[in-house]
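Student: Numbering (mature numbering (1 follows the signal peptide of the UniProt record, and there is no 0)), first residue to last: -23 to -1, 1 to 196. Ideal placement from N, C-alpha and C gives every residue a C-beta, glycine not left out. Sharing a structure with you now.
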Ligand SMILES: *[C@@H]1O[C@H](CO)[C@@H](O)[C@H](O)[C@H]1NC(C)=O
Ligand SMILES: *[C@@H]1O[C@H](CO)[C@@H](O)[C@H](O)[C@H]1NC(C)=O
């Protein structure tokens, strides 16, 4: 049953992609509109290639999935975290959905090995200090440290093909700017529910090492 649902959802995503790629190549959508709370940040600088943001430390609920496919990992991880916020926790409380949904992709060591994806939901402010324990042993809390992120936005869907395209582009731009960042992973950030078809907003992030570099034409 789970795999039927997975295939159905994947089919829906692929179908929606056909519509969305034509209508919405550019990231013009407003970000925080589908959830009450979103991850807050300060913009340090913006140029034509990327934005530099500062995030304060924050607490997330998180799960890791080994997979060859980002779509499968995202589906599996999302489902586990969604159950947690819908009551699969020690207090059986419903916790509001937040955005973005983060998916961390670690660099593949070998092509034939599955990649570890970590999917995370930001805990709402009311649960930042104390959140009920997850029932599923695969779900855990994640203390995200304070960080500077290099961010590139795009529309359409957070699919492996897009994530790869935009993370490659961002890493080339960062290399050209001699910016220091952790090359071993990137984050994909999705701000919309799968039911939203138009004006979707997605991002890829690389995490700066040391002081972030603001270069190029500032906008
Ligand atoms: C981050 O923390 C600093 C210090 O507490 C605070 O001044 C700032 O407003 C915070 N930034 C955001 C986006 O919440
Ligand atoms: C880069 O990220 C990896 C994975 O999170 C971590 O193990 C490593 O220490 C980081 N490198 C640096 C220089 O911080």
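Can you find the residues in the same chain that come closer than 6 Å, C-beta to C-beta, to residue 73, ignoring five residues on each side of it along the sequence?
Tutor: 13 and 101
Student: Please go through the same chain and pick out, in chain order, the residues whose beta-carbon is closer than 6 Å to the beta-carbon of residue 129, but skip the five residues on each side of it.
Tutor: 27, 143, 147 and 181
Student: When you compare the stretch 163 to 175 with the stretch 102 to 113, are there three or more beta-carbon pairs, one atom per stretch, that lie closer than 8 Å?
Tutor: No: fewer than three Cβ pairs fall under 8 Å.
Student: What does the Cβ neighbour count give for residue 53, buried or exposed, with the cut at 16 atoms within 10 Å?
Tutor: In the assembly as shown, residue 53 is a buried residue. Its beta-carbon has 16 or more other beta-carbons within 10 Å.
Student: Report the residue from 59, 75 and 170 whose alpha carbon sits nearest the alpha carbon of residue 115.
Tutor: 59
Student: Ignore the nearest five residues each way along the sequence and tell me which others in residue 66's own chain have a CB closer than 8 Å to its CB.
Tutor: Sequence-distant partners of residue 66 (beyond 5 residues in either direction) whose C-beta falls short of 8 Å from its own C-beta, in its chain, are 72, 108, 109, 110, 111 and 112.
Student: CA-CA distance, residue 44 and residue 84?
Tutor: 13 Å
Student: Identify whether residue 116 lies in helix, strand or coil by the three-state DSSP scheme.
Tutor: strand
Student: Could you compute how far the alpha carbon of residue 201 sits from the alpha carbon of residue 188?
Tutor: Not covered by the structure: residue 201. The range shown for the chain is -23 to 196.
Student: Can you give me the C-alpha to C-alpha distance between residue 117 and residue 17, rounded to a whole angstrom?
Tutor: 22 Å
Student: Label residue 122 either buried or exposed according to how many other C-beta atoms from any shown protein chain fall within 10 Å of its C-beta, with 16 as the threshold for buried.
Tutor: Only exposed fits residue 122, as fewer than 16 other CB atoms lie within 10 angstroms of its CB.
Student: Could you spell out the range, first to last residue, of the alpha helix (DSSP H) harbouring residue 146?
Tutor: 137 to 153
Student: Quick one, are the C-beta atoms of residue 38 and residue 131 less than 7 Å apart?
Tutor: no
Student: Taking Cβ to Cβ, would you say residue 166 is nearer than 7 Å to residue 77?
Tutor: yes
Student: With DSSP run on the structure shown, which of helix, strand or coil describes residue 46?
Tutor: Reduced to three states, the DSSP call for residue 46 is coil.
Student: Three-state secondary structure (DSSP) at residue 99?
Tutor: strand
Student: Which residue marks the beginning of the beta strand (DSSP E) containing residue 175, and which one marks its end?
Tutor: Note, residue 175: premise wrong, no beta strand (DSSP E); not H, not E.
Student: Rounded C-beta distance between residue 152 and residue 184? I'm assuming under 8 Å.
Tutor: That pair is no contact at about 15 Å.
Student: Hey, out of 103, 32 and 49, whose CA is closest to residue 137's CA?
Tutor: 49
Student: Give me the Cα-Cα distance between residue 197 and residue 94, rounded to the nearest whole angstrom.
Tutor: With the chain running from -23 to 196 in the structure shown, residue 197 is simply not present.
Student: Take residue 239 as the anchor and find which of 179, 61, 89 and 119 has the nearest alpha-carbon.
Tutor: The structure shown does not extend to residue 239, since the chain is modelled only from -23 through 196, so no value can be given for it.
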